[in-house]
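Below you'll find the structure, written out as structure tokens, and then a few comments.
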Amino acid sequence: MGYIMNKKLLIALVLFIVWVVLFFVPKAKAESPTQPPIVWDKQTVQKLIHDVSIQYGVSESVMNRVISCESTYNKDTIGDGGKSYGLVQIHQDYWGDKITIEQSKDPYFAVDFLADKLSKKQGHLWTCYRMYYN
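Using our numbering, read the sequence shown as starting at 128 and increasing by one per residue.
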């Protein structure tokens, strides 16, 4: 009988140790190769504009002019009293139910958004576009 009790105690102890390890011991982070973060300077943004303008068949120079005017190529620009965000100054009062602030600040999203609207002849949505092209 003592042998059975010791066996049950040993099983309970092992299960307790497994439980502690699974839930309380910090997990080691897996080593994975990572790319260095992208530095979103003017040159990097212009390269993205170049690629996206070709994809959408829109004017690279128009995209550069709008982005230069709206944000001076700064992805963290906040304008219109805290209502517009990112490279292309996506206005939250107008787009907020469809586009998040995080999306607005994402250069890939913003440049793609501008190119898409330009390809649909909707450049008038930007004050800077209207200043130069209307």
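Note that CB positions come from ideal geometry on N, CA and C, so glycine has one too.
Beta-bridge analysis with DSSP links Tyr260 to no other residue. By the Cβ rule, the segment 169-180 does not count as touching the segment 205-212, because fewer than three pairs are nearer than 8 Å. Taking the Cα of Glu197 as reference, the smallest distance to any Cα among Leu245, Ile138 and Ile217 is reached at Ile217.
Excluding residues up to 5 positions away in sequence, Ser180 and Leu245 lie with their Cβ nearer than 8 Å to the Cβ of Ser186 in the same chain. For Leu214 against Val189, the beta-carbon gap comes to about 14 Å, at or over 8 Å, which does not count as contact.
For Tyr235, the enclosing alpha helix (DSSP H) has its first and last residue at Pro234 to Ser246. Cα atoms of Gln219 and Ile138: separation of roughly 59 Å, rounded to the nearest angstrom. Of the candidates Lys135, Lys210, Lys169 and Ile194, the residue whose Cα lies closest to the Cα of Glu229 is Lys210. Counting the other CB atoms within 10 Å of its CB gives Gly250 a total of 16 or more, which places it among the buried residues.
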